Structures are given as structure tokens and as C-alpha cells.
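Quick notes on the structure that follows.
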Amino acid sequence: MKRYFFIIYIIAGLLVLGSPFLVQAQALDTDGDGLTDEQEINIYYTNPYSADTDADGFTDKVELDTGFSPHRPLYKLSQLDWDKDGLSDEQEINLGTDLKNADTDGDGFSDKIEVYTGYDPLSTQRIKVAKKIEINLAEQELSYFFGNAKLGSFDISGGLPRTPTPKGEFQIYNKIPKAWSTRYKLWMPYWMAFYPSGLYGLHELPYWPGGYREGSDHLGKPASHGCVRLGIGPAKVLYDWAEIGTPVIIY
Ligand SMILES: [Ca+2]
Ligand SMILES: [Ca+2]
Ligand SMILES: [Ca+2]
Ligand SMILES: [Ca+2]
Numbered sequence: 015m016k017r018y019f020f021i022i023y024i025i026a027g028l029l030v031l032g033s034p035f036l037v038q039a040q041a042l043d044t045d046g047d048g049l050t051d052e053q054e055i056n057i058y059y060t061n062p063y064s065a066d067t068d069a070d071g072f073t074d075k076v077e078l079d080t081g082f083s084p085h086r087p088l089y090k091l092s093q094l095d096w097d098k099d100g101l102s103d104e105q106e107i108n109l110g111t112d113l114k115n116a117d118t119d120g121d122g123f124s125d126k127i128e129v130y131t132g133y134d135p136l137s138t139q140r141i142k143v144a145k146k147i148e149i150n151l152a153e154q155e156l157s158y159f160f161g162n163a164k165l166g167s168f169d170i171s172g173g174l175p176r177t178p179t180p181k182g183e184f185q186i187y188n189k190i191p192k193a194w195s196t197r198y199k200l201w202m203p204y205w206m207a208f209y210p211s212g213l214y215g216l217h218e219l220p221y222w223p224g225g226y227r228e229g230s231d232h233l234g235k236p237a238s239h240g241c242v243r244l245g246i247g248p249a250k251v252l253y254d255w256a257e258i259g260t261p262v263i264i265y
């Protein structure tokens, strides 16, 4: 027992003595780019001795703040997946997961699997993290979140003024890979109902039995009968990620 106290005493002593130095090391920004050496080495893997790691004329900080990669000129963080785990570098920075390690917490489940099944990729404990979809009708934009981390945003087409998208707090009620609208006689791929009656849902740009597809040029402006339309690509991303019961907040 005495020995434990002794060890605790030593550790506490080291923490007290070391903390001023630790604080200093964390705040140190050798290349003066606005990112601490600690952030550059441990989070972004940028060069702490060069403000512009990829020498493209933009500092690491400016690139990170504007969503660009400090490692590859002209690439956005959302386009890159350093550890090839299926989560973009942008998503990993927002989640706080390791850009270069597909299994940040080392529990045998990749960061992506954890984020898709709703578990914390930063903890080996089976901690559930809440998913959430938010739709901003003024901006005609949908964002999706894992806990407080934003995973992405997509342009949408909500309802026209005479057929508005309902506002409020809803949830995903059902998922159908390819739903048929008996009312409008068209296909709605990656359908997810967000309204209790099932009347309104999220879905990919619809198409008619003849093959004609609603154009993507309407995304970003209202165009629907009240449903929320997503582009080809984003609709599937969201369909694969969201679960029945995932909250959908529309404002
Ligand atoms: Ca720096
Ligand atoms: Ca740069
Ligand atoms: Ca990744
Ligand atoms: Ca993991």
C-alpha cells in the first residue's frame, strides 16, 4: 500500500513540475504559421519548421481553415483519405481521429465502421454516439453529424413554396433502396421517410419510367413537392450512414 502512495506521489510531483514545460511545448509554434508544433506533429502531420509544408504558396493554417490539404496542392481535405479507411481527411479532423491510422483506438474496428455503426472511434468502450441530420431550407443544404462532429454537407432541393417541406424535429422512419411514388409515378432511389405518415422523405434525384432523370441543376434551390432531394452520390452516402431512428431536424 505504501508503495502505491509513493508512486502516486512521484507522478503527482512530475505533473506539477512538468506542467509549465508541457504548456510551453504545446503553445510553441516554431514556424509561426498559427499551428502549434504539437498540432503539426501529432494531428496534421505537417512540418513544424515550415509554414507551408507543400510549398504551394498557402500556409498550412490557411489551407486547413479553408478546407484544403496542407500536403497536396489543389486538393481539398474532403477529397483525400490518407489512411484509406473510408473517412475523408476532413471528416477525421472533425472527428478527432488519426489521419494516418484506420483504427484510431486500436479496438479492431476501423474508424469508419465505428462511425457508421454509431460507436465512438476514440474509445475502446462500447460508447454509442448520436447521429443527426440537419436541413437548412433557407440555404437548401443538408448537413450530417456524428456527435458534435460534422461529417459533411450537401446541396438539396426542398419543396416549392406551394408544396413546402415541413419544418420540425423528425426522424428516419423507413429506408427503401428504390421507392416508387404512386402519386407522381416516378422512382425515388435511396428513399428514407422522415415524416411520421411516410409522406415525405429524403431521396436521390427522381427519375421516370422512361428513364428521364430530374436534373442536378435544381440542387441548391427548391423544386420538390415537399420531399428533400439529394444528388447522385450524396443520396447513397447518407442512405448508407443513417439509421432508422436517426433524428432529422428541418428548419
Ligand atoms: Ca506551426
Ligand atoms: Ca501549403
Ligand atoms: Ca481516413
Ligand atoms: Ca476503432
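One gets this note's numbering by counting positions in the sequence shown from 1 and adding 14 to each.
Quick reminder that beta carbons are idealized off the backbone N, C-alpha and C, glycines included.
None of the values given here were measured: they were computed from a predicted structure.
What's the C-alpha gap between GLU183 and GLY71? Straight-line Cα distance between these residues: approximately 45 Å.
Would you give the residue range spanned by the alpha helix (DSSP H) that LYS250 belongs to? Unbroken alpha helix (DSSP H) run through LYS250: 248-255.
Check: LEU78 C-beta below 7 Å from any heavy atom of ligand 1: Incorrect: LEU78 has no Cβ contact closer than 7 Å to ligand 1.
Is the closest heavy atom of ligand 2 to the C-beta of PRO84 under 7 Å? Under cutoff, so the answer is yes.
Once the 5 residues before and after ILE24 are set aside, which same chain residues still bring their CB inside 8 Å of it? Because ILE24 carries a pLDDT of 49, less than 50, the predicted location of this residue cannot be relied on, and no value is offered for it.
If the criterion is Cβ atoms closer than 8 Å, does the pair ALA65 and GLY46 meet it? With contacts defined as CB atoms closer than 8 Å, ALA65 and GLY46 qualify as a contacting pair.
Given a threshold of 16 other Cβ atoms within 10 Å of its Cβ, counted over all protein chains shown, does GLN105 qualify as buried or as exposed? The residue in question, GLN105, is buried, as its Cβ has 16 or more Cβ neighbours within 10 Å.
Would you tell me roughly how many angstroms separate the C-alpha atoms of THR67 and GLY120, rounded to the nearest one? Rounded to whole angstroms, THR67 to GLY120 spans 29 Å at the Cα level.
Pick helix, strand or coil for THR260, following the three-state DSSP scheme. THR260: coil per DSSP, three-state reduction.
Look up ILE24 in the DSSP assignment and say whether it is helix, strand or coil. The predicted position of ILE24 is uncertain, since its pLDDT is 49 and thus under 50; no value can be drawn from it.
Outcome for ALA249 when other beta-carbon atoms lying within 10 angstroms are tallied against a minimum of 16: When all chains shown are included, ALA249 counts as buried.
Counting Cβ pairs closer than 8 Å, one from the region 242-257 and one from the region 216-231, do we hit at least three? Segments in contact, yes.
For GLY122, tell me which candidate among ILE107, ASP99, ASP43, GLU148 has the shortest Cα-Cα distance. Cα-wise, what sits closest to GLY122 is ASP99.
Taking 8 Å as the threshold, find out whether the region 111-119 comes into contact with the region 230-238 through three or more Cβ pairs. Not touching, per the Cβ criterion.
Could you check if SER211 is buried or exposed, using at least 16 other CB atoms within 10 Å of its CB as the buried criterion? By the Cβ neighbour-count rule, SER211 is exposed, with fewer than 16 other Cβ atoms within 10 Å of its own.
Bridge partner(s) assigned by DSSP for GLU155: In the DSSP assignment, GLU155 forms a beta bridge with ASN150, ASP169.
Given this structure, state the Cα-to-Cα distance separating THR179 from GLY172, to the nearest angstrom. Our two residues, THR179 and GLY172, have alpha carbons roughly 6 Å apart in a direct line.
Would a check of beta-carbon distances place ILE149 closer than 8 Å to chain C? Protein chains in the displayed structure number just one, and chain C is not present.
Does the beta-carbon of ASP119, which I'm using as the reference point, lie nearer than 7 Å to any heavy atom of ligand 2? ASP119: no, Cβ never under 7 Å from ligand 2.
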